[in-house]
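Scroll down for the structure; my scribbles are underneath it.
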Amino acid sequence: MSEVKIKNLDHLGIVAGLIDEIGIVEIINSKLGIDPREKISAGTVVKAILINGLGFVSRPLYLFSQFF
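Sequential numbering from 0 applies to the sequence shown in numbering that gives the first Met the number 0.
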């Protein structure tokens, strides 16, 4: 019998899944376009901001200034 492993995703896994299912990243990228110089697309940035703002870390957006 194989072991069952359980991972706790809390609400953030649900939020990330909904963002993917709705296609928010793709919608934003299609509206704004993608510049070949980008390391991260605008849609991915918005997804990260949404997840961060909902409590991904105890200090939401604490690394934002280092990357943007």
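Note that CB positions come from ideal geometry on N, CA and C, so glycine has one too. This structure is a prediction, so every number in the text was calculated from the model and none was measured.
* For residue 50, collect the residues of the same chain with a Cβ closer than 7 Å to its Cβ; drop the 5 residues on either side in sequence, then sort them by chain order. => Locating residue 50 in the sequence shown gives position 51, where the first residue counts as 1. Contacts found: 11, 14 and 15.
* To do: Kindly provide the ranges of any alpha helix (DSSP H) runs that are 4 or more residues long and lie completely inside the region 0-52, ordered along the chain.
  => 9-21, 23-31 and 41-52
* Are the Cβ atoms of residue 20 and residue 42 separated by less than 8 Å? -> As a working mapping, residue 20 is identified with position 21 in the sequence shown. As a working mapping, residue 42 is identified with position 43 in the sequence shown. Going by C-beta atoms, residue 20 is not nearer than 8 Å to residue 42.
* To do: Report the rounded CA-to-CA distance for residue 29 versus residue 2, giving the unit in angstroms.
  => Here the question's residue 29 lines up with position 30 in the sequence shown. Here the question's residue 2 lines up with position 3 in the sequence shown. Straight-line spacing of the CA atoms in residue 29 and residue 2 works out to 43 Å.
* Asked: Is the Cβ-Cβ distance between residue 18 and residue 38 less than 8 Å?
  -> On the sequence shown, position 19 is the one that residue 18 refers to. On the sequence shown, position 39 is the one that residue 38 refers to. Their beta carbons are not under 8 Å apart, which means residue 18 does not touch residue 38 by this criterion.
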